[in-house]
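Okay, so here's the structure we're looking at.
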Amino acid sequence: MSVLAAQGLTVTLGRGVEAIPVLRDLSFRVGAGRVLGLVGESGAGKSMVGRAIAGNLPGTFAVSAGTLTFDGEDLVRIAPARRLALLGDRICFIPQEPQTALNPLMTVAAQFGEHLARLGVAKADRPARILAALDSVRLRDPASLLDRYPFQLSGGMCQRVLIAMAFASRPALIIADEPTTALDVSTQAHVVQLIRALQADYGTALLFITHDLRLAARVCDEMLVLYAGEMAERGPARAVMGAPRHPYTRSLKASNPTLSGPLRRLVSLPDQMPGIGSLRALPGCRFAPRCPVADAACGAAVPGVIEIGGGQAVRCAPGCLAGAIATDAAGLAMPAVVASGAAPILLLEGVSKHYPGRRAWHGRRAPGVDAVCDVSLDVAPGEFVGIVGESGSGKSTLARLVMGLERPSAGRIVVDGTDVTAADRGARIVRLGALQMVFQDPQSALNPRRSVARLVTQALEAADRPHDASDRIARAQELLRETGLPPDLLQRFPSQLSGGQKQRVNIARALCVTPRLLVADEIVSGLDVSVQAQILNLLLDLRQEFGFALLLISHDLAVVRYLCSRVLVMHHGAVVESGEVAKVFADPRHAYTRSLLASIPPDDAAAAWPAAAPRAAEPV
Amino acid sequence: MALIAFQILLRRLLLAAPIVLCVSALVFVVLRLLPADAVAMSLPPGATAADYDRLKAELGLDRSIFAQYMIWLGRFAAGDLGASIHFRRPVAELVGTALPNTLELVAVGLVLGVAAGVAGGLAMFAWRGRAAEQVADLAATALMSIPEFLWALLLILGLGVALPLLPFVGRLAPEFALPPHITGFLLLDSLLAGRAATLGSALLHLVLPSLALAIALAPLIMRVLRSSLLEVILDDYVTQARLRGIPERTILLRHALRNAALPTVSLIGVQAGFMFGGTVLVEVIFGYPGLGNLMVDAVRNHDLPVIQVVALVYCLLVLGINAVVDVLYLLINPKLRAA
Amino acid sequence: MIARMAASPRVVLGAALVLALALVALFAPVIAPHDPAEQDLMYTLLPPAWAAGGEALYPFGTDSLGRCMLSRLIHGTRVALYVAVVAAFGAMLLGTTLALIGGYCGGRVDWLIGRAVDVWMAFPPVVLALILLVGLGTGVNMVIIAIIVIDWTRFCRVIRSEVLVVMKRDYIPAARLSGFSHVQVVLREVLPAVTPLVVTLLSLEMGIAVIVEATMSFVGLSVEADVAAWGVMIADARQFMNQSPWGVVLPMLAIFLAVFAFNLLGDGLRRTLDPRLMVARGPAA
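Chains as they are written, first to last, in my numbering: chain D, 2 to 621; chain Z, 618 to 956; chain Y, 18 to 302.
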């Protein structure tokens, strides 16, 4: 008996002949005590399922066909009052952004109390219930949290409060929409484990929505892989992860950098998932335009669902299932790394950055922050070095120090043999000649008022680089070609580009004056896996062509492993471990590195995860 | 809570002290740019050059501006606000009578304006997406295009002349005597003296001028409240409350309104300051014996001692009301309270 | 972007009204049926032509000295728009420059500008205007100076906070790393980002300037008493409000129309050029 069952669920945008089916013919079921993963990249329509259950589809979206049966009632046709009674009581939600999902003006006790009041708990019983619930999510010293406001809690703590609220009524169904995406890796593991434990204890059915195939394989019993609002593949989670059959699932798995095993070139699908606007032009299989094995027939008609056995099924043409994807079998060789014994292009010696605290009006200074403490590192020409750490570890400050956007409080920075610690005019000239930076968020790093052509050649506008307009256009075309962008983008603006295209423009701009060292701060963190693979491969190809060195800053260990030969692990501003990537990953020496590695679901589906006991390891 | 509020208020007022000093210096210097000769104007006809010099020295006008300022500041600190050249009465006395009247006017205007603005904002929010919203929106733009003094004249034309419903001259009907001076506030004093008829007349005289102020304020509040409600209603915690099965009405009143109140409260702070400016002409038009009337009279007669004190009083009022609004803001926003 | 502005009824209506007023001001001597100072003591306090007792000779009636209301209103437009345009541009230049300097440099410069704004904000604008006009002397140009000196803070406050928002975006350090000088960054990256806001505020400020001029001429501190300005007309007609309300109502309508036009335009521009919406829609859309 399933708690929730979707049958032929179709959600359309608009009405009548103009209607676009955003979710097309989706069927799934999740039973009591079971976990179903809805997996897909952004735009796959996975959150739309949650919204259909809650009955708050945006604006002109509507369920146009199919049923959503919860406990014998069809949620599509249910009376609004009845749905309101179910929500928060029998059906609960765990949100993506815990810190904004709590009202900033209400204390934990007030919000939890409001929820209990809605559940009909008598006022006198509420304090005890709240304390018990907070204790059940393993929050230390629950009583001290009652009068706190959300901004006084960490993201992980807020998420625990929300989990406690979701489980307070022992609901039959919980929908968790990317519950760990906004959290640090180490917190993520604990939160996931907590949700699973409570769900198993209470026999709750859990719909776990995520973009992370590896995480889904860990958390879920079954999973459903979505592509552009359509089912691509479904089946037992381990089977789908272990032996994916649909070309999309296979590509998705092969575009994820791994933490173990031999390094092979990632599969990068061309383009990106079609947006809602282009769905109408895809009457057949929506994956066909990007599919490595599709034929002409795929784009014409919607393929049927093929049962493979063992509960696994795909929506694909029978002929395509057999087709091999390039890397499935052999694996492409990684490009050779240029070894170099030359003098380092970048050298940091004992660099620190201290931010003094604010001086209070009575003259006392608050204690400051040591964002970076005593960091030394060197990067050889052509070498790719990674810096790994969680948010707040000081890795972004380090990038700004290297680039001269901040001045170090202590230590020495040498670029290409010249001391640039002083960050004066001369240092600026040295830096401008040798260093460039790719910023984390292209949305923020690209001036929305500049066209692509004016963005990538921005450096030519600097006073000491005379050029004429035709030089500039020629250079822009060259840069677009090198970064794999179509030439017709030249006159577009950033808002008209996809996320992957924006990041390519971001990289192209840094390459305009051919730097010898590129500093890249979290450049793939906002991107979908298949787009991330494109960018990572692009960096490898560009290195072959230009031979620049790279200082890659990332929270993602697998990305660092894929690109870099050496790695530094940062924690609270200090480097706790450094060395060859292969060595550090295989045999981490520092406890922090070990916990960081342990918090990522391992590639091997059989290995235990997470290994550490959550309560002891979690700092509150 | 009350203690925190008081501490914050005190700190705010302390921080305002240097601003007051700058303001007073600015007023003093600007007024000394005056091309007209205040001494000559305040001499009786047939005065001699000796009389002129004597008066000039008496007023301290023969020294440097800085010295004059220091003298003035010293006297001000000692409580000596000087004497009016034109009215030939102590400035303290003039301000003392006018100030309570202006405060009463602003208080009533503020209450009316905020009430109307909040009601309008909620109504516009409730009408979102409908034609009524568009109409109300355009009406708000139109209303905002009419300054206080035009509202004053319109109200006089409408409710004073065309439909003679309400009085529009002065503070009190001439047949009533002022109640005994206790607080200086006419409404309070007549209440304390138990004179219902006087209180009634005073209230009636307040209606039109305070309405003029309120109508100018309300559309601003209405629009800011509406747009912040529209923003807040999209926030995650509102969605999350919906997903918990909290009814829409509770969401609006408990979650959305409090969060949307933050920008509205800071707007009220700024606008309340501007409202004191609005009273100047409104008081002139209604012949209302407040600071504004005093100020304009003083300006017309180049009565420097009065001008500078009244200007300073206005600034103190603005800073005071800003401090109060800041405290209010801190009380609703726990994030700032903790900092 | 222009297409989007043209699609906004507020912008279209506001711009049309402003244009109409500008034409009236420009061709005032041609349009006005009479000399605005010409007195006709045979016809004093005439109601408009359409009301009972009106004369076709004076379409909007006459004032207490028998001067043509319509002609005076038309000439009043010149004073109003002259002050609106010059004062608003002056306040914009001063306020925006200081906002860019303060917001970009930060530190002590910004602190100083911020405190200056604090001091200015302590004055109710009308009170500061009165003090300035006492100090500077009266006259329409003094009113303009007063408006600039008072209202630069409106630009400075709003634009400075917008500059701070822009400064948080990564394209500012990115421009520095592209080799831009500080001046280049301000002019090519920061200024374009705040321009929509500046334009919006400019339009709203013109409306405010019209109000301030009318207020000051009402109190008798702006133009000479015999010049036709809307505020002067209201002040003159106020004594005869009981006999002839038109003398007050018509110049009020004129003020309302001008301010409404600028507010409508500013409001429409704000909605179409809002920087927050810009990012979502893209400037080329």
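Using N, Cα and C, we set each Cβ at its ideal position, and we do this for glycine too.
*How about residue 16/D: is its C-beta nearer than 7 Å to some C-beta of chain Z?*
Locating residue 16/D in the first sequence gives position 15, where the first residue counts as 1. No, because no Cβ of chain Z sits closer than 7 Å to the Cβ of residue 16/D.
*From 645/Z, 627/Z, 637/Z, 639/Z, pick the residue whose C-alpha is nearest to that of residue 925/Z; which is it?*
Counted from its first residue, the second sequence places residue 925/Z at position 308. The shortest C-alpha separation from residue 925/Z is found at 645/Z.
*Measuring only between beta-carbons, confirm whether residue 893/Z sits less than 7 Å from chain Y.*
For this step, residue 893/Z is matched to residue 276 along the second sequence. Yes, contact with chain Y.
*Hey, would you say residue 585/D sits closer than 7 Å to residue 560/D, going by beta carbons?*
The sequence position of residue 585/D within the first sequence is 584, counting from 1. The sequence position of residue 560/D within the first sequence is 559, counting from 1. Contact check for residue 585/D against residue 560/D fails: the beta carbons are separated by 7 Å or more.
_residue 350/D - containing beta strand (DSSP E), residue span_ = If you number the first sequence from 1, residue 350/D lands on position 349. Element bounds for residue 350/D: 347-356.
*How about residue 81/Y and residue 62/Y: do their beta carbons lie closer than 7 Å?*
Taking the first residue of the third sequence as 1, we reach residue 81/Y at position 64. Taking the first residue of the third sequence as 1, we reach residue 62/Y at position 45. The Cβ-Cβ distance between residue 81/Y and residue 62/Y falls below 7 Å.
_Three-state class that DSSP yields for residue 265/D in the structure shown_ = Here the question's residue 265/D lines up with position 264 in the first sequence. Reduced to three states, the DSSP call for residue 265/D is coil.
*Within the region 92-177 of chain Y, note down every full beta strand (DSSP E) run reaching 3 residues or more, in order along the chain.*
For the region 92-177 of chain Y, not a single whole beta strand (DSSP E) run of length 3 or above is found.
*Tell me, please, whether the CB atom of residue 188/Y is closer than 7 Å to any CB atom in chain D?*
Indexing the third sequence from 1 puts residue 188/Y at position 171. Yes - at least one Cβ of chain D is within 7 Å of the one on residue 188/Y.
*Can you tell me whether DSSP reads residue 924/Z as helix, strand or coil?*
Counting from 1 along the second sequence, the entry for residue 924/Z is found at position 307. Looking at residue 924/Z - three-state DSSP - the assignment turns out to be helix.
*Using DSSP with H/G/I as helix, E/B as strand and the rest coil, what is residue 881/Z?*
The sequence position of residue 881/Z within the second sequence is 264, counting from 1. Residue 881/Z falls in the helix class under three-state DSSP.
*Under 9 Å by beta carbon: chain Y residues contacting residue 890/Z*: Stepping through the second sequence from its first residue, residue 890/Z is reached at position 273. Going along chain Y in sequence order, the residues near residue 890/Z (Cβ under 9 Å) are 138, 139, 140, 141.
*Can you list the residues of chain Z that residue 336/Y reaches, using a CB-CB cut of under 7 Å?*
Here chain Y covers residues 18 to 302 and nothing more, so residue 336/Y does not appear.
*Can you give, in chain order, each stretch of the alpha helix (DSSP H) that sits fully within the region 199-279 of chain D and has at least 4 residues?*
Qualifying alpha helix (DSSP H) stretches, in chain order: 214-220, 238-243, 248-255.
_Just to make sure I have the definition right: I need the residues of chain Y whose C-beta is within less than 8 Å of the C-beta of residue 533/D. Which are they?_
For this step, residue 533/D is matched to residue 532 along the first sequence. Ordered by position in chain Y, no residue passes the 8 Å Cβ test against residue 533/D, which lies about 19 Å from the chain.
_Cβ pair count under 8 Å reaching 3, the region 85-92 of chain Y against the region 128-147 of chain Y_ = For the pair of segments examined, the region 85-92 of chain Y was found not to touch the region 128-147 of chain Y: the number of CB pairs separated by less than 8 Å stays below three.
*Looking at the C-beta of residue 499/D, does it have a partner C-beta in chain Y at a distance below 7 Å?*
Stepping through the first sequence from its first residue, residue 499/D is reached at position 498. Not one chain Y Cβ lies under 7 Å of residue 499/D.
*residue 847/Z versus chain D: which residues are under 9 Å apart at the beta carbon?*
Walking along the second sequence from the start, residue 847/Z turns up at place 230. Correct list: empty, because the minimum Cβ distance to chain D is about 14 Å.
*Entirely within the region 428-459 of chain D and at least 4 residues each: give me those alpha helix (DSSP H) ranges in chain order.*
Qualifying alpha helix (DSSP H) stretches, in chain order: 443-446, 453-457.
*In whole angstroms, what is the alpha-carbon distance linking residue 805/Z and residue 893/Z?*
By 1-based counting over the second sequence, the position of residue 805/Z is 188. By 1-based counting over the second sequence, the position of residue 893/Z is 276. Take the alpha-carbon of residue 805/Z and the one of residue 893/Z: they are about 21 Å apart.
_Counterpart residues of residue 700/Z in DSSP-defined beta bridges_ = As a position in the second sequence, residue 700/Z is number 83, starting the count at 1. Checking the DSSP bridge columns, you'll see residue 700/Z partnered with 707/Z.
*Closer than 7 Å, CB to CB, is residue 35/D near chain Z or not?*
Along the first sequence, read from residue 1 onward, the residue named residue 35/D stands at position 34. It does not: the Cβ of residue 35/D has no partner Cβ on chain Z nearer than 7 Å.
_Reduced DSSP category for residue 468/D - H, G, I as helix; E, B as strand; rest coil_ = Here the question's residue 468/D lines up with position 467 in the first sequence. DSSP, reduced to helix, strand and coil, places residue 468/D outside both helices and strands of the structure shown, so it counts as coil.
*Looking at C-alpha atoms only, which residue of 246/D, 344/D, 351/D is the closest neighbour of residue 309/D?*
Start at 1 with the first residue of the first sequence, and residue 309/D comes out as number 308. Comparing C-alpha distances from residue 309/D to each of 246/D, 344/D, 351/D shows the shortest one belongs to 246/D.
*So what's residue 565/D in DSSP terms, helix, strand or just coil?*
Along the first sequence, one-based indexing puts residue 565/D at 564. The answer is coil: DSSP assigns residue 565/D none of H, G, I, E or B.
*Where does residue 256/Y sit, in a helix, a strand or coil, going by DSSP?*
In the third sequence, the residue the question calls residue 256/Y occupies position 239. In the structure shown, residue 256/Y adopts coil according to DSSP, grouped into three states.
*asked:* For residue 148/D, count the other beta carbons within 10 Å of its own beta carbon; 16 or more makes it buried, fewer makes it exposed. Which is it?
replied: Working through the first sequence from its first residue, we reach residue 148/D at position 147. Per the 10 Å Cβ criterion, exposed.
*With 7 Å as the threshold, decide whether the Cβ of residue 951/Z is near any Cβ in chain D.*
Along the second sequence, read from residue 1 onward, the residue named residue 951/Z stands at position 334. Put simply, the CB of residue 951/Z is near chain D, with a gap under 7 Å to one of its CB atoms.
_Same chain only: Cβ atoms within 8 Å of residue 496/D, ignoring 5 sequence neighbours per side_ = Here residue 496/D corresponds to residue number 495 of the first sequence, with the count starting at 1. Only 449 meet the Cβ criterion.
*Grab the span of the beta strand (DSSP E) containing residue 313/D for me, first residue to last.*
Along the first sequence, read from residue 1 onward, the residue named residue 313/D stands at position 312. Residue 313/D -> beta strand (DSSP E) spans 313-316.
*asked:* Can you look up residue 496/D in the DSSP assignment and give me helix, strand or coil?
replied: Within the first sequence, numbered from 1, the residue matching residue 496/D stands at position 495. Here residue 496/D sits in helix by DSSP.
*chain Y partners of residue 442/D, CB-CB under 7 Å?*
One-based indexing of the first sequence puts residue 442/D at position 441. Within 7 Å Cβ-Cβ: 187.
*Give, in chain order, every residue of the region 199-232 of chain Y whose Cβ lies closer than 7 Å to some Cβ of chain Z.*
For chain Z, the residues of the region 199-232 of chain Y that bring a beta carbon within less than 7 Å of one of its beta carbons are 224, 228, 232, in chain order.
*What does residue 693/Z reach in chain Y if we use C-beta pairs closer than 7 Å?*
Taking the first residue of the second sequence as position 1, residue 693/Z is located at position 76. Simply none; closest approach about 16 Å.
_Distance between residue 102/D and residue 111/Y (C-alpha atoms, nearest Å)_ = Taking the third sequence and counting its residues from 1, the one referred to as residue 111/Y is at position 94. Taking the first sequence and counting its residues from 1, the one referred to as residue 102/D is at position 101. Straight-line Cα distance between these residues: approximately 42 Å.
*Who are the neighbours of residue 864/Z on chain D, taking C-beta pairs under 9 Å?*
Working through the second sequence from its first residue, we reach residue 864/Z at position 247. Taking a Cβ-Cβ threshold of 9 Å, the residues of chain D close to residue 864/Z are 85, 119, in chain order.
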